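Protein chains in written order, with the working numbering: chain A, 62 to 379; chain B, 2 to 270.
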Amino acid sequence: MGVAPSFRDQWSRLYDGRTAVRIGSTLIVDTFAEAFRMRFARLIVTAADAHWLDAACRAVCGYGCSVIGCDTEAGVERQLAPGETPDGRSGAAILLFGFSTDALAKAVPNRVGQCVMTCPTTAALNGMPEAEETIPLGKHLRYFGDGFQKSKLIGERRYWRIPVMDGEFLVEEAVGVAKGVAGGNIIIQGVDQSTALAAARRAVDAMAGEAGVMTPFPGGVVRSGSKVGSRYQQLRASTNDAFCPTLIGRVQTELAADARCAYEIVINGIDEPTVAGAMRMAIEAAAGEGIPAISAGNYGGKLGKFHIGLRGLFDAAK
Amino acid sequence: MPLTLTLRAADCTPLDFRGVTPDAVRGMTLAELLRQRVRCGNRALALGNVVEAAGDPADALWRLEGDWSHVHHLGEGMAAGEIVAAESIGRHAGAAMRGGSITIAGEAGDWLGAEMRGGLIRVTGEAGDHAGGAYPGSHRGMRGGVLLIDGHAGAWLGERMRRGLIAVSGDAGVGLAAEMLAGTVLLWGSCQGAPGVGMRRGTLGLFGPPPELLTTFVSGGENPLPMWPLLQQELRRHGFAAEIPQGAAMRIVHGDSLHGARGEVLLAR
């Protein structure tokens with residue numbers, strides 16, 4: 062069992078003092094986040110007030126953490142003031158990511174049909190009318206109107222008015238789809254759980270409201286970071302043992318010497334620079350006392366198209 | 002540089018501009034344009050005989066100086082370009098147009114935008130009968146585009162309209178949206194007679210005095226409709242000043258029952 066300690070020694074030799082990037086006492090590990098090309102749709106959900114808007118957003122983003130097990134990765138991009146929404150009500154921009162346009166074409170109408178149309182006072186509108194590619198939304202959902210639905214072509218955009226029990230559910234015929242980047246991430250390593258959690262929340266709060274990005278996991282934070290594959294053949298992913306503090310000594314750990322807890326923040330965005338900018342923002346917010354290191358998750362660079370180096374984020378900033 | 006057109010003679014002999022539109026002549030030189038034939042009464046004349054022109058047709062932007070109320074079929078069938086009339090314009094302006102825009106600072110004659118399929122027509126003054134309507138024997142009237150009238154409109158506004166948006170700040174004559182197939186007509190003034198007779202689908206928003214609806218129109222509920230803000234934004238985008246009563250619940254009347262009651266007349270309370 063002498064292997065594991067030697068890796069911790071190796072880690073120390075590798076990162077302690079060697080051209081390290083530090084923010085205060087936090088080491089920014091010289092590694093990269095491996096992100097993937099995915100398709101995304103931007104949905105604008107509006108409602109009569111903040112309560113029902115929140116209810117709709119929570120519902121439509123529910124069970125939308127990772128395409129490993131969910132149909133989409135969904136999250137609120139930002140809240141929209143009444144002046145920013147097509148119907149002049151309070152709203153939210155929601156980003157939904159899928160591996161393909163076809164996958165989104167199945168998932169988005171399902172989610173909107175079950176989670177937005179059912180929610181009182183809401184409307185679902187296209188957040189990317191300029192997109193070249195579209196997927197049907199109201200085009201499918203209109204059939205719920207059982208022949209009483211009405212369409213309205215306003216400008217170049219077609220809307221469907223579906224009669225429901227509180228009036229009408231307004232839904233746009235289609236939503237735009239574009240290429241995005243999913244899987245940008247950082248891994249925050251703390252000396253204990255509470256310190257790491259506080260840092261993770263600082264990071265998520267720093268990105269909240271940032272246009273073009275969203276964090277799909279609960280509260281924006283993942284505690285069960287994964288690696289590709291498993292010793293069990295039926296599983297596509299399994300626990301990222303290298304960052305599990307209870308496995309120090311059993312596996313080749315990537316935790317810093319003082320770290321006893323790690324949280325991953327996964328960031329999806331509309332393009333690589335936006336994701337990289339959000340990662341930098343998150344790192345700067347998370348770094349501090351009790352956070353010996355901030356790292357990132359990757360798969361050896363073999364799976365994802367985008368390799369976002371952590372040091373590069375700060376080189377670019379200079 | 003826009004093309005400025007001024008009528009040479011002040012007589013009222015009707016001129017027929019069919020086939021001479023900004024997009025059709027944009028590839029011509031000014032001399033070629035002035036050789037185009039137009040009907041003047043019962044004669045065909047070169048355009049140069051009836052108008053003075055200055056500027057470049059290439060921009061597809063025409064400015065019409067003076068009163069053109071005896072000039073008909075202006076912009077008929079145009080697919081792109083812009084016509085700006087400083088005063089009134091004759092019949093059939095923008096009929097069957099597919100794109101581009103016509104702005105009329107004065108009044109427009111009958112059949113304004115009749116059977117138009119796209120584009121924008123804006124009239125500051127009044128419009129004659131059959132605006133956005135259908136020609137006799139035709140199944141469908143306006144099939145797309147936007148027709149905005151700041152003044153009053155004549156009779157048979159939006160007759161057999163199939164798609165598009167008509168908004169009128171003032172009053173409308175008889176036969177409003179008669180046999181309407183779909184689309185949206187909004188009226189802030191009053192209308193004569195019963196509106197929406199024989200309408201199959203479509204939306205007729207009446208924000209003025211309550212109209213006398215036929216008994217084949219069935220009163221529905223009262224609800225705010227989420228599509229109103231979208232329509233209001235569309236009107237604002239075109240600089241149309243009238244405001245749809247926001248926030249107020251609308252009284253919905255379904256009709257015409259003789260044709261399935263799939264149309265709706267929306268009345269501001």
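Glycine included, each C-beta is placed from N, C-alpha and C at the ideal position. Keep in mind the model is a prediction, meaning the values are calculated, not measured.
Excluding the 5 residues flanking it on each side, P170 (chain A) has same chain C-beta neighbours closer than 7 Å at P197, L198, H201, L202, in chain order. In the structure shown, K240 (chain A) falls within a strand segment according to DSSP collapsed to helix, strand and coil. The C-beta of Q234 (chain B) comes closer than 8 Å to at least one C-beta of chain A. For E217 (chain A), the closest Cβ of chain B is not nearer than 8 Å. N359 (chain A) is not a Cβ neighbour of A81 (chain A), given a cutoff of 8 Å.
With a 10 Å radius around the Cβ and a threshold of 16 neighbouring Cβ atoms, A357 (chain A) comes out buried.
The residue among A:F160, A:A346, A:A184 with its C-alpha nearest the C-alpha of A269 (chain A) is A:A346. Short of 6 Å from the beta carbon of G203 (chain B), and not among the five residues preceding or following it, lie these beta carbons of its own chain, in chain order: M181, A183, G184, G264. For D110 (chain A), the closest Cβ of chain B is not nearer than 8 Å. Assigned with DSSP and collapsed to three states, V21 (chain B) falls in coil, not helix or strand.
Per DSSP, the unbroken beta strand (DSSP E) holding R103 (chain A) starts and ends at 93–107. Between the C-alpha atoms of S299 (chain A) and Y324 (chain A) there is a straight-line separation of about 16 Å. When Cβ-Cβ separations below 8 Å define contact, Y204 (chain A) makes no contact with chain B.
In the structure shown, P224 (chain A) adopts extended strand secondary structure according to DSSP, grouped into three states. In the three-state DSSP reduction, A55 (chain B) falls in the strand class (E or B). Scanning chain B for C-beta atoms nearer than 7 Å to the C-beta of R222 (chain A) yields M228, reported in chain order. For E194 (chain A), the closest Cβ of chain B is not nearer than 8 Å. At a Cβ-Cβ threshold of 8 Å, F160 (chain A) and F101 (chain A) do not count as neighbours. The bridge partners DSSP lists for F158 (chain A) are A:F101, A:E134. In the displayed model, E235 (chain B) falls within a helix according to three-state DSSP.
Taking C-beta atoms as the reference points, V242 (chain A) and G330 (chain A) count as a pair closer than 8 Å. Your pair C118 (chain A) and V106 (chain A) checks out as a contact, with CB atoms roughly 6 Å apart and the cut at 8 Å. When the five nearest sequence neighbours on each side are left out, the beta carbons in the same chain lying within less than 7 Å of the beta carbon of A192 (chain A) are those of G237, V238, A239, in order along the chain. Around the beta carbon of Y293 (chain A), fewer than 16 other beta carbons sit within 10 angstroms, so the residue counts as exposed. L267 (chain B) has a beta carbon lying at 8 Å or more from every beta carbon in chain A.
Within chain B, the residues placing a beta-carbon under 8 Å from that of E229 (chain A) are N224, L226, P227, M228, ordered along the chain. The residue among A:K213, A:G349, A:K363, A:I155 with its C-alpha nearest the C-alpha of E271 (chain A) is A:I155.
Closer than 8 Å to the CB of R164 (chain B) there is at least one CB belonging to chain A. Taking C-beta atoms as the reference points, I84 (chain A) and A264 (chain A) fail to come closer than 8 Å.
Assignment of C192 (chain B) by DSSP, reduced to helix, strand and coil, places it in the strand class. Under the DSSP assignment, A47 (chain B) falls in the beta strand (DSSP E) whose first and last residues are 44–47.
Leaving aside the five residues that flank A262 (chain B) on each side, the residues in its chain whose CB is nearer than 7 Å to its CB run, in chain order, V219, H255, G256. Per DSSP, the beta-bridge partners of P197 (chain A) are A:A235.
In this chain, the beta strand (DSSP E) harbouring C41 (chain B) covers 38–41. Close to A184 (chain A), with beta-carbon spacing below 7 Å, are these residues of chain B in chain order: P227. What L214 (chain A) touches in chain B, judged by beta-carbon distance under 7 Å, is R164, going in chain order.
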